[in-house]
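Just so you know, we're using our numbering here: the sequence shown kicks off at 575 and counts up by one. For every residue, glycine included, the Cβ atom is placed at its ideal position computed from N, Cα and C. Input: a single structure, listed below in structure tokens.
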Amino acid sequence: MNNTAVLQPPRAETFGPRPFARWDANPSVRLGQLGAEPPMDDLVNQLHQTVHGFADRVMRPIGRDLDRLSAEQVIATGSQLWSFRDAYASLGINMEALASFPPELMPDIFAILFEELGWGDAGLAISAGVDLMPHYMAAKFGNEFVFKAYPEELIGCWGITEPDHGSDSLDANGAIFHAQGKYGRPNCVAKITDGKVIISGQKSAWVSNGPIAELAILYCAAETKDGVDPRRGAVVIVPLKSLGVSKGKPLEKMGQRALPQGEIFFDNVELDIDHLLVAPEDYKKGVYAIHSEANALMGGVFTGCARAAYEHAYAYAHERKQGGVPIIRHQDVAKRLFHMARKVELSRAITRRVTTFNMTNDMPALQAAMFSKVTATQHALEVASDAVQMFGGNGVTCEYPVEKLFRDARSSLIEDGCNEILAIKGGTLMIDPDRLTPTA
Ligand SMILES: Cc1cc2nc3c(=O)[nH]c(=O)nc-3n(C[C@H](O)[C@H](O)[C@H](O)COP(=O)(O)OP(=O)(O)OC[C@H]3O[C@@H](n4cnc5c(N)ncnc54)[C@H](O)[C@@H]3O)c2cc1C
């Protein structure tokens, strides 16, 4: 190289805008609604605007009103839950519409859709999410029967938790099972005989949409000619108008009160074998598949819930004066907002990365979906708690929105798997057998 050569500075655009080109007295760059969002594809942007408007105009007021009602009132005829469902259906976000988007946009669409719905109301967002489950999983497993036999308009739910089996049910391969533990008796069994599936037993009161659902994707133990082995279960699509299905009372709970939940009972419910979506030999795959979708969905919804709490706190910090200045002028308040915004941004980033990886890889990484769920729900609780603190006394009254967001966020640490169980299970998925000595 010639020592006397003069190096040319690289083109400025390579590294982004020239420093200080827009410098002014207050050098602050406003972040957008979705934080430090890179330029977005037009189709994704349109969907974002539509769903955001819907979340603002429809979900927020309805979610707030339903939160004050009893669980029975939420599902009663004429309740606003049904107005929400009608309005959401009119947006046309169904499997067919989702399938019409270019596949490379799906990760962003999935994450942004559920973030916006979660921003509107977490309980209603989960209701919309589980609604899709029977058909979504049928599509994943390439099952055409479900699409031919049952219209997508039917209200869907996912039944896995049983009165005696919560964390156990999510651990189909027994990876977190206690050395001295026993699974014990399953509460719900699908007997698989020649040409039929016969279901007996019950699912617990935690089935989201349970009281209103018309079609379930049911995960339960399987009875075959080899007997009942709860670790080799079955996934069955169950129309809930079938003879022998009954429901319990809707559950009263803390947070996400717009989301109806309740038991489903099965008394020798007989279905054609076509309804068997996943057979016992593939049961572990079935649990893995739905869990990796559901955990990423939770990541999106609770990024939105955290963002809602942050935005309320941000606005309040500019309005509320103490000591003669808006409280955002107090350093501790500004610092708290900084950490809240940082956590929302982290939840969003991890959820987008995980949906992108899982939708483009030939097999989803369940532990990555768990990163997203655990991070976003933990952050949602912390951000909502900080928002309550920032509102002072007003934070704990029902007159302001943040106490509801705090309750909504609290349930999410248990929903779709307790976060500590997901971390233990996710940890076991990270063990690389190739790095272990044969005896370890
Ligand atoms: C808002 C909400 C929505 C839900 N939606 C649905 C739904 O749509 N469908 C559905 O089927 N279910 C649903 N669930 C149920 C949910 O998946 C379960 O509540 C969850 O898996 C935990 O089960 P559990 O409540 O029986 O708790 P348990 O499993 O009894 O756990 C109790 C405690 O023991 C700990 N523990 C248990 N086992 C272990 C272990 N091996 N090692 C260490 N600690 C352990 C847990 O971490 C927890 O702290 C929902 C729950 C909530 C709160």
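Next on the checklist: Taking the beta carbon of LYS947 as the centre, do at least 16 other beta carbons fall within 10 Å, making it buried, or is it exposed?
Outcome noted: Working through the sequence shown from its first residue, we reach residue 947 at position 373. Result: buried.
Next on the checklist: Any heavy atom of ligand 1 closer than 7 Å to the beta-carbon of GLN776?
Outcome noted: Within the sequence shown, numbered from 1, the residue matching residue 776 stands at position 202. Result no, Cβ not under 7 Å from ligand 1.
Checklist entry - Hey, would you say the C-beta of LEU744 is under 7 Å away from at least one heavy atom of ligand 1? => result On the sequence shown, position 170 is the one that residue 744 refers to. Because some heavy atom of ligand 1 lies under 7 Å away, the Cβ of LEU744 counts as near it: yes.
Next on the checklist: Along the chain, where does the beta strand (DSSP E) containing THR767 start, and where does it finish?
Outcome noted: Taking the first residue of the sequence shown as position 1, residue 767 is located at position 193. Start and end: 762-767.
Next on the checklist: Quick check on THR798: does DSSP put it in helix, strand or coil?
Outcome noted: Here the question's residue 798 lines up with position 224 in the sequence shown. DSSP places THR798 in strand when its eight states are reduced to three.
Item to check | Backbone secondary structure at TRP732 - three-state DSSP | outcome: Residue 732 sits at position 158 when you count from the first residue of the sequence shown. Here TRP732 sits in strand by DSSP.
Checklist entry - Under three-state DSSP, which class holds HIS752? => result Within the sequence shown, residue 752 is the residue found at index 178, counting from 1. Coil at HIS752, not helix or strand.
Item to check | Start and end residues, alpha helix (DSSP H) containing GLY703 | outcome: Locating residue 703 in the sequence shown gives position 129, where the first residue counts as 1. It spans 696-714 - the alpha helix (DSSP H) in which GLY703 sits, taken as one unbroken run.
Checklist entry - What are the start and end residues of the beta strand (DSSP E) that includes ILE988? => result Position 414 of the sequence shown holds residue 988. Element bounds for ILE988: n/a, residue is neither H nor E.
Item to check | Whole-number beta carbon distance between ALA661 and PHE628, since they are thought to touch under 8 Å | outcome: For this step, residue 628 is matched to residue 54 along the sequence shown. For this step, residue 661 is matched to residue 87 along the sequence shown. The beta-carbon separation of PHE628 and ALA661, rounded to 7 Å, stays under the 8 Å limit for a contact.
Next on the checklist: Any heavy atom of ligand 1 closer than 7 Å to the beta-carbon of THR951?
Outcome noted: Residue mapping note: residue 951 aligns to position 377 of the sequence shown, counting from 1. THR951: no, Cβ never under 7 Å from ligand 1.
Checklist entry - Any idea what DSSP makes of GLN952, helix, strand or coil? => result In the sequence shown, counting from the first residue as 1, residue 952 sits at position 378. Of the three classes helix, strand and coil, the one that applies to GLN952 here is helix, per DSSP.
Checklist entry - Sorry if obvious, but does the Cβ on GLN835 come closer than 7 Å to a heavy atom of ligand 1? => result Counting from 1 along the sequence shown, the entry for residue 835 is found at position 261. Under cutoff, so the answer is yes.
Item to check | 6 Å CB neighbourhood of VAL852 in its chain, flanking five on each side removed | outcome: One-based indexing of the sequence shown puts residue 852 at position 278. Counting only Cβ-Cβ distances below 6 Å, and skipping sequence neighbours, we find VAL809, GLY860.
Checklist entry - SER701 and ASN783 look like a contact to me (Cβ under 8 Å); what is the Cβ gap, rounded to whole Å? => result On the sequence shown, residue 701 is found 127 positions in, with the first residue counted as 1. On the sequence shown, residue 783 is found 209 positions in, with the first residue counted as 1. Indeed they touch by this definition, with Cβ atoms about 6 Å apart.
Checklist entry - Which residues does DSSP pair with ILE791 in a beta bridge? => result Within the sequence shown, numbered from 1, the residue matching residue 791 stands at position 217. Looking at the DSSP assignment, ILE791 forms a beta bridge with TRP732, ILE811.
Next on the checklist: Along the chain, where does the beta strand (DSSP E) containing VAL819 start, and where does it finish?
Outcome noted: By 1-based counting over the sequence shown, the position of residue 819 is 245. Run containing VAL819: 819-821, per the beta strand (DSSP E) assignment.
Checklist entry - In the structure shown, what three-state DSSP assignment does GLN963 receive? => result Taking the first residue of the sequence shown as position 1, residue 963 is located at position 389. Correct three-state label for GLN963: helix.
Next on the checklist: Using a 10 Å radius around the Cβ and a threshold of 16 neighbouring Cβ atoms, would you call PRO834 buried or exposed?
Outcome noted: On the sequence shown, position 260 is the one that residue 834 refers to. Counting Cβ neighbours within 10 Å, PRO834 comes out buried, since at least 16 surround it.
Next on the checklist: Suppose you measure from the CA of ASN935 to the CA of ASN993; what does that come to, to the nearest Å?
Outcome noted: Here the question's residue 935 lines up with position 361 in the sequence shown. Here the question's residue 993 lines up with position 419 in the sequence shown. About 25 Å.
Next on the checklist: Does the beta-carbon of GLU973, which I'm using as the reference point, lie nearer than 7 Å to any heavy atom of ligand 1?
Outcome noted: Taking the first residue of the sequence shown as 1, we reach residue 973 at position 399. No, Cβ of GLU973 sits at least 7 Å from all heavy atoms of ligand 1.
Checklist entry - Who are the near neighbours of THR624 in its chain, counting only those whose CB is closer than 8 Å to its CB and skipping five residues on each side? => result Working through the sequence shown from its first residue, we reach residue 624 at position 50. For THR624, where only same-chain residues beyond five positions count, the Cβ hits under 8 Å are LEU665.
Item to check | Bridge-paired residues (DSSP) for LEU850 | outcome: Here residue 850 refers to the residue found at position 276 of the sequence shown. DSSP lists VAL810 as partners of LEU850.
Checklist entry - Could you give the distance in angstroms between the alpha-carbon of MET944 and the alpha-carbon of ILE864? => result Sequence index remark: in the sequence shown, residue 944 carries index 370 (1-based). Sequence index remark: in the sequence shown, residue 864 carries index 290 (1-based). Each residue's alpha carbon lies about 12 Å from the other.
Item to check | For LEU833, the three-state DSSP class (helix, strand or coil) | outcome: Working through the sequence shown from its first residue, we reach residue 833 at position 259. Reduced to three states, the DSSP call for LEU833 is coil.
Item to check | Cβ-based neighbour list, ARG984, same chain, cut-off 7 Å, excluding 5 preceding and 5 following | outcome: For the purposes of this step, residue 984 is taken as residue 410 along the sequence shown, with counting starting at 1. Cβ within range, chain order: MET828, GLY829, LEU955.
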